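Protein chains in written order, with this note's numbering: chain H, 1 to 213; chain Y, 214 to 435; chain C, 436 to 696. Glycine residues also receive a C-beta, built at the ideal position from the N, C-alpha and C atoms. Since the model is a prediction, treat every value here as computed from it, not as a measurement.
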Amino acid sequence: MEEAISSIPHLIEGLSVTIQVTLLVVFFATVIGVILGVFITYGSKYIKYIIRIFTDFVRGIPVLVLIFFVYYGFPAIGLNLDNFVAAVVALTIFKTSHVIENTRGAIESIHFGQMEAAKSIGLDFKRRLIFVIFPLAIRRFLPPWINSVADTAKGSALVSLIGVVDLMLAMQKVIGRTYEPMPVYIVGLIIYVLINYSLSATSRKLESKYRFN
Amino acid sequence: MTDYHFNFSYIWKHFDRLINGLLLSLELALISIVIGAIIGLMLAIIYIDFGRKYKLFIGIYVELIRNSPLLLLIYLVFYGIPSIGGFEYSSTTSFVITLSIYASAYLIEVFRSGLSAVEQGLIDAAKAIGLNYLQRLIYVRIPTMFRIALPSMSNTYISLFKDTSLASVIAVPELMYGAQWINFNTFRVIEVYAVITPMYLGVGFVILVLLRQLEKKYRVDV
Amino acid sequence: MKMESNLLKIKSVKKSFGKNIVLNDINLSVSKGEVVSIIGPSGSGKTTLLRCINMLTEYDEGSIQIENTEIGYTSSDETTRKKRNDKQLSSIRSDIGMVFQLFYLFPHLTALENVMLGLRKVRKLSKSEATQIASGWLERVGLSDKFKSLPSQLSGGQQQRVGIARAVAMDPKLLLLDEITSALDPELIQEVLDVVKKLAEDGMTMILVTHEMSFAKDVSDRIVFMDGGFIVTDRNPHETFHSNDNQRLNEFLSRIKQEKF
């Protein structure tokens, strides 16, 4: 029991790293993903094509491959990244592909008629984007986006495999000292489940709220 | 820039690790989706047709698994359970158990919505000719549901196939493990990933094509 | 009316959905070999009544008996009875056939398999016996070349004829038909009505809910007019259409005539 209490600080440190990684990834991926998402919706055929290839490529391979490739492979072409940066880069690439799809889906789901109505009132493209498309799209965007935040939190567990001391690796270090895996795993499980469950529950609540508006 | 020299010969020399790994990954995903589907189907039926208490327990089961990182589940089953159970099992066995349970949690949702999507009228027609509950389930509801659920199931298979890459962390000799072995022993990082990436992508592509064929064959206007 | 020859006895049946009373004190008897058509405006409770007969919809009060067996409950005594369980209902339902407005053929089975399913699994017939009976009925409804077709490959009229074959192959004591032509394109309606007429001529006891007035007049022994959850009139076709004095019925009939053109 003592051991359990004394390991809590380590787990909290690990948790904070997990949260840091997750937040950084969410931030970068969302910014880049939304921009590219707008491009793939409105861009020329070539832009659409290139971004399409990117998303299909990234989503078709396991996250682990991406992480290992960035960490082990980039040095070979001259980019030596430390493991934290590599982790964030890899996960960002991964989540960006989701955000792009997300954005595209949200924008395209807006009924064509509403676009026409906005045009006929005389709003130019930029104003249409801000006052009509954005408010409507955000409702379709948010629920799946929150879900992918949860997916990112789950995926962040993989960064332990390249030595980033997140919650997963912290857990394993604790087990290395206490030799009792189960209690630590259970605690870790509860933490991850709480975080992800509150995220996905929020996402579902938002989804039903928006559906009836 | 860099003076990295591409050298694929190392890869071809150890290519058997990749091919065998690929086959093992495909197998692991297949076994897991089958076991997961059996569990998932039973739980989905119980969820829909039995009472509220069951909905609660099954709901907890699903949320617990879906909101956990797969990596954690793998460790828990492989290291954790034996430590309190007093027994040991092979890494492959434990991975299949883990992935099957993981698959079942996702498939419960697929089957649940698939079963709910079966028109009430079809079930009424089955009742009208005198089929009892079990017969309606086996001869009408489940067959109809499978056709609705086929696309989701093939997507699930592709996901599971990608998830087998995590088996490498407990040294199951699947594709990722083979790739990492080559990576650590030959340092041909770029080449290795250049080879396994199309393998992963290729499987997804092939499954999609197969799915199209299946959909055409069993064309059902439900 | 001789009580002994009554196949179906509906007494004081009531049904509500929440606060909505859909069936108000329904009394109806049908003898073996009779063809009864139920007509009336939408919302009058016609389909609900039909569905209560094979307990697809549960009736709250009253009694529905087929050959003196209470259908939905263990007895007709409302103070002591319990709802029948699934097994008992399945057994009773196997003797009552139903044909649906939207056909509801099993989409994963061929026409022949659709008709055979009940014969194999409920009547427990062998494959060869079931095939014989099923193919016989498919031929009688004019689909001898469609045995291996899936429902998605059949027209509406063909699907409905399979639906009829599926119900009748079970050799039911009573056949219920719920607006079976309402979802069909006009040119496909006649082929279905012809099948029903032949069944009537061959002595099948039938209750039809229908909007096809001329057909109802042609094939029925009695016409029951329902409105607002009540049976308003229960007369023979001639009286119903040409010489009745009921105001509600006449209003309904004149509305129908207008709608047809």
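Identify whether residue i lies in helix, strand or coil by the three-state DSSP scheme.
| i | result |
| --- | --- |
| Q536/C | coil |
| E505/C | strand |
| E496/C | strand |
| F57/H | helix |
| V471/C | strand |
| S464/C | strand |
| F263/Y | coil |
| F452/C | strand |
| V557/C | coil |
| K581/C | coil |
| V631/C | helix |
| K517/C | coil |
| M436/C | Residue confidence for M436/C is low, a pLDDT of 47 falling below 50, so the modelled location carries little weight; the figure read from the coordinates is stated next. The answer is coil: DSSP assigns M436/C none of H, G, I, E or B. |
| T369/Y | helix |
| M214/Y | The predicted position of M214/Y is uncertain, since its pLDDT is 45 and thus under 50; no value can be drawn from it. |
| M490/C | coil |
| S590/C | coil |
| L36/H | helix |
| D620/C | coil |
| V331/Y | coil |
| I383/Y | helix |
| E180/H | coil |
Excluding the five sequence neighbours on either side, which residues of its own chain have a C-beta within less than 6 Å of the C-beta of residue i, listed in chain order?
| i | result |
| --- | --- |
| M389/Y | S378 and S381 |
| S510/C | R516 |
| V99/H | A29, T30 and G33 |
| A250/Y | L320 |
| F221/Y | E404 |
| A150/H | N196, L199 and S200 |
| L11/H | A170 |
| S313/Y | S245, I248 and G249 |
Identify every residue that forms a DSSP beta bridge with residue i.
| i | result |
| --- | --- |
| T668/C | F660/C |
| V644/C | I473/C and D613/C |
| N233/Y | Answer by DSSP bridge pairing: none, since N233/Y is not bridged. |
| N220/Y | Answer by DSSP bridge pairing: none, since N220/Y is not bridged. |
| K444/C | S464/C and Q500/C |
| I531/C | L609/C |
| L458/C | K450/C |
Based on Cα-Cα distance, which residue from the options lies nearest to residue i?
| i | options | result |
| --- | --- | --- |
| V603/C | D669/C, A635/C and G507/C | A635/C |
| G480/C | E469/C, L589/C, N459/C and K559/C | N459/C |
| P356/Y | T305/Y, S329/Y and Y319/Y | S329/Y |
| S472/C | A651/C, K444/C, Q693/C and I527/C | A651/C |
| K556/C | G334/Y, K340/Y and L335/Y | K340/Y |
| S304/Y | V385/Y, I224/Y, L236/Y and Q348/Y | V385/Y |
| H646/C | G638/C, T640/C, K633/C and L628/C | L628/C |
| F228/Y | G298/Y, N396/Y and V331/Y | N396/Y |
| S372/Y | I351/Y, V408/Y, H218/Y and L414/Y | L414/Y |
| I336/Y | E574/C, M533/C and W572/C | M533/C |
| F676/C | T514/C, S649/C and D613/C | S649/C |
| T640/C | I666/C, D620/C and L612/C | L612/C |
| L623/C | Q595/C, T504/C, D637/C and D512/C | Q595/C |
| F428/Y | I271/Y, S365/Y, E276/Y and L277/Y | Strictly speaking, residue 428/Y in this sequence is Glu, with Phe absent from that position. Of the candidates I271/Y, S365/Y, E276/Y and L277/Y, the one whose C-alpha sits nearest the C-alpha of E428/Y is S365/Y. |
Is the beta carbon of residue j closer than 8 Å to that of residue i?
| i | j | result |
| --- | --- | --- |
| L189/H | L256/Y | no |
| V309/Y | I244/Y | yes |
| D521/C | Y260/Y | no |
| T41/H | E108/H | yes |
| S584/C | A546/C | yes |
| S498/C | K581/C | no |
| Q114/H | L129/H | no |
| L167/H | L64/H | no |
| D656/C | V470/C | yes |
Given residue i, which residues of its chain have a CB within under 8 Å of its CB, disregarding the five upstream and five downstream residues?
| i | result |
| --- | --- |
| Y71/H | L81, N83, A86, A87, A90 and I162 |
| L554/C | L560, E564, A565, I568, A569, A604 and M605 |
| Y370/Y | A242, L243, I246 and I420 |
| E502/C | L442 and K608 |
| I287/Y | S307, F308, T311, L379, A380, V382 and I383 |
| Q348/Y | A339 |
| I192/H | In the sequence as displayed, the identity of residue 192/H is Tyr instead of Ile. Only A153, K154, A157 and L167 meet the Cβ criterion. |
Go through its chain and collect everything with a Cβ distance to residue i's Cβ below 7 Å, but skip five positions before and after it.
| i | result |
| --- | --- |
| G207/H | The residue asked about is misnamed: residue 207/H is Glu in this sequence, not Gly. Hits under 7 Å: P143. |
| F141/H | N102, T103 and A106 |
| V174/H | S7, H10, L11 and V184 |
| R325/Y | A257, Y260 and I261 |
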